[in-house]
Each structure stands twice: as C-alpha cells, then as structure tokens.
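Letter by letter, the sequence shown follows residues 136 to 507 of the working numbering. Every residue, glycine too, gets a C-beta built ideally from N, C-alpha and C. Values in this document were obtained by computation on a predicted structure and should not be read as measured data. Heads up: the structure comes next, in structure tokens.
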Amino acid sequence: MDDIKDLLVKYIAGSATPEESSHVEEWLEQNPAHLEEYAALEQAWRDARWGATPAAFDAEPAFEKFRRHLGWPADGQRRPVRLLYKVAAALGGALIIGGAAYFYSVRWKSHPSGSEGTVAEQIVVPKGQKKHLILSDSTEIWLNAGTTLRVEPGFGMRHRNVFLEGEGYFKVRHDSNLVFTVATRNYTIRDIGTAFNVNTYPGDTHFETAVLEGEISVEGHFSRNNKPSRIVLSHNQVLKIRKTALASLTDSLVSSPSAPGPVNETAPGRNEPIVSLTQSSEVDRYTGWKEDQLSFEDECFRDIANRLERKYDITIRIEDPTLAACHYTGSFKGLRDITAVLDILKETTPFSYETKKDTVILKTINHQNHLK
136 MDDIKDLLVK YIAGSATPEE SSHVEEWLEQ NPAHLEEYAA LEQAWRDARW GATPAAFDAE
196 PAFEKFRRHL GWPADGQRRP VRLLYKVAAA LGGALIIGGA AYFYSVRWKS HPSGSEGTVA
256 EQIVVPKGQK KHLILSDSTE IWLNAGTTLR VEPGFGMRHR NVFLEGEGYF KVRHDSNLVF
316 TVATRNYTIR DIGTAFNVNT YPGDTHFETA VLEGEISVEG HFSRNNKPSR IVLSHNQVLK
376 IRKTALASLT DSLVSSPSAP GPVNETAPGR NEPIVSLTQS SEVDRYTGWK EDQLSFEDEC
436 FRDIANRLER KYDITIRIED PTLAACHYTG SFKGLRDITA VLDILKETTP FSYETKKDTV
496 ILKTINHQNH LK
C-alpha cells in the first residue's frame, strides 16, 4: 500500500512516469473503492492547492498532508467506504459540482472496456450560478447558468462525446484518434484542437458558437433540403444561426466558410441573416460571462431577458411585444442587481418595470423612441 500511496500522489501531481501512470490506472480498475479513494485524494489536492512541481516533489510529506486532512489513520489503513462524503465533511461541506464532475470523469476513464455503466452522467447548473470542471482527458469546461451537460458512458475510452443544452466554454485537449465532440439538439461541434464557446439555450432565438483558438467544425441541417452540411470555423470566427425557418444555403457558405469578411444567408423578406459566419476582433466578449460580464450585440430584448433570468435567477415578463422586439448593443460587468441593468437599458428605450418577489414585470414603452 505504501507503493500505491506514493504513486497516487505523484499521479495527481503530474510527476508520475508513463509506467507509473499505467500502474495507477490498473489499480483503479481493480475495485470501485479505489476510485472513491482516488477521487477524494484528488479533490483534496485541488482544494488545498498542495500541488508540487516534479523537480521539487516529495511524495511522503505530501501524502502526510493528505492523511491529516482526510483523517486517515497513521498506520496506513484506509477507509475507502463512502470516502467522498468524508472529504466533503472535511472540506466544510463544500463538495461543489466541479468536484463531483471530476469524480464522474475518473470513473468514466477507469472503467475497463465493456464494463462501463449504461447511464449517462449529468451536470445541471442552477440559474444564478456558474461551474468550472475538468474532465478525465484534461479538457476544461466552464458552464453558464441554467446549463445542462451530459457525458455518455465510455467517455475517454471509446469516445469523447458530451451533450450540451445551455452555454459552455470548452478548452479541449486535442486527440486526433479520439475526437472531442459537443452535441446539441440540432448541431454537432467537433474539435480540431481549440478553445471555443457554444450557446445553445432552448428558449433563445439563436444558436451561436465562437472560436478563440484553433478550429472547429459544425455539422447539422442548415437548410430545408434535409441534407446535413459541415461548416469549419477558425480563430476569431463566429457562427450564428437563427432557429426559425431556414432558407437554402449557398455553396460558398458551406464549402468556403473561411473567406474574409462576413458570409451571410438571408431569408426572403427578412433583414436578419438566418446563418451568418463572421470574423470578429472582439471574440473574447463571447466568453465574458465567465468573468461576470454581460455582453450583447444587436440582440433582441426577448433573448436578453432570457439571459437575465438565468444570470439573476428570476422570472421576467414582458407585457409589451414592441419592447420584446427591440435590439440592444451593450456590455456590463459586475452588476449584481438586475435593476441596475434595467435602469441602463431604459436610457435608450423608455419602459417601466416593477418587481414582485422573484418576478420582474416590464410594462410600457414609448413607441416613438424605441430602437429598431
């Protein structure tokens, strides 16, 4: 057991050799209790920030810190049963969903072939919150409020597929032999070595994805002919798809999406593109929500209200349809009260609002001064 304890700490600290890493992974596959022990140990490491560089690494003192923190006996005997819950208590009950997600990813990675579970693991982020997690393949994911992420059985072994409903920022460890994919209700995003944001809330009028590093491909039905197509996005490109009726796409959009400047397809009789692929010099604003920033560009109040509902965990009722159709461009950061946001929006489009418990009612608008 002394050998495995040293290997576990080295494995977590990132200083294990390939041979030592293989030994740890074989040990994890031997017994579900080993997975609990490993998950608890790793969570304690991350929460206590006791990581050491390989050059300065000393396994025994590091393990002693773990032992005292987790309440393990000094004789080296382990208490793996329900250990994860013991760790939660030791950390003041603050076993956040990020830690739980890491436990899930360890289990997905460590199931031997053919023995993985048959039920997908699901992470649900409540309104008013955000979550950050790291999967077993070292992919980092930030999830915005009101988002659901589902990871299918066999993740990290047979596939690297996740399902997203909501908004997430993905920083993917690229592996050409096991491509990372994000499935949504209508589209599939495939990593080509990259960092990207996906916005696919079911109640919003648009699907949107932005690439901050590398490339992705987006696959799905972009036209009424029911034929799947593929669009490739590279650094600083943004793809926006209106979820209403689709017109047929031009060949240039599907086959040459990397051309400079905006590439748009507009439905007859409409001013707003159904599918647009543009180059953006401010692509970082699409991930500003991670830093508590709220940004929108030419966005209708209906969608803005949806975002405010998720961010502040409230209900917004717009009684004037003209107000719901107004478009805004703006950016806010650190506004913890929704009334501060509404007061700023009122400066350009006069309306009144009242709050009743957890509901905000938007009532009137000056039709002569409203924006487009």
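| message | Could you check whether LYS306 and ASN258 sit closer than 9 angstroms to each other, using their CB atoms as the reference points? | response | One detail in the question is off: residue 258 reads as Ile in this sequence, not Asn. No, the pair does not count as a contact, with Cβ atoms beyond the cut-off.
| Taking Cβ positions, are GLN428 and VAL373 nearer each other than 9 angstroms? | no
| field | Coarse secondary structure for LEU443, derived from DSSP in three states | value | helix
| With distances taken between CB atoms, is the gap from PHE431 to TYR463 smaller than 9 angstroms? | yes
| said: Going by beta-carbon coordinates alone, are ILE451 and LEU412 separated by less than 9 angstroms? | reply: no
| task | Grab the span of the alpha helix (DSSP H) containing GLN257 for me, first residue to last. | result | It is not in any alpha helix (DSSP H) - GLN257 instead sits in the beta strand (DSSP E) that spans 256–259.
| message | DSSP three-state label for TYR336, please. | response | coil
| task | May I ask you to list the residues that DSSP assigns as paired with ALA345? | result | ASN332, VAL373
| Nearest-angstrom Cα distance between GLU482 and LEU368? | 37 angstroms
| said: For TYR304, list the residues DSSP reports as bridge partners. | reply: TRP277, ASN332
| Terminal residues of the alpha helix (DSSP H) in which GLN519 lies | No answer is possible for residue 519: it lies beyond the span of the chain, which begins at 136 and ends at 507.
| Is the CB-CB distance between GLY263 and LYS446 below 9 angstroms? | yes
| query | Mapping DSSP to helix, strand and coil, what is LYS140? | reply | helix
| said: Looking at the strands, I want to know which residues DSSP matches up with PHE467. | reply: LEU429
| said: With distance defined between alpha-carbon atoms, name the residue in GLU160, VAL317, TYR336 nearest to ASP327. | reply: Note that residue 327 is Ile in the sequence shown here, rather than Asp. Minimum Cα distance to ILE327 is reached at VAL317.
| query | Where do the N-terminal and C-terminal ends of the alpha helix (DSSP H) with ASP478 fall, by residue? | reply | 473–480
| said: Could you give the first and the last residue of the continuous alpha helix (DSSP H) run that contains LEU458? | reply: 456–460
| What's the gap between the Cα of LEU458 and the Cα of ALA440? | 11 angstroms
| task | Identify whether GLY291 lies in helix, strand or coil by the three-state DSSP scheme. | result | coil
| query | Taking the continuous beta strand (DSSP E) assigned at VAL353, which residues delimit it? | reply | 350–355
| message | Can you list, in chain order, the residues of its chain with a C-beta nearer than 7 angstroms to that of ILE139? Leave out the 5 residues immediately preceding and following it. | response | TRP162
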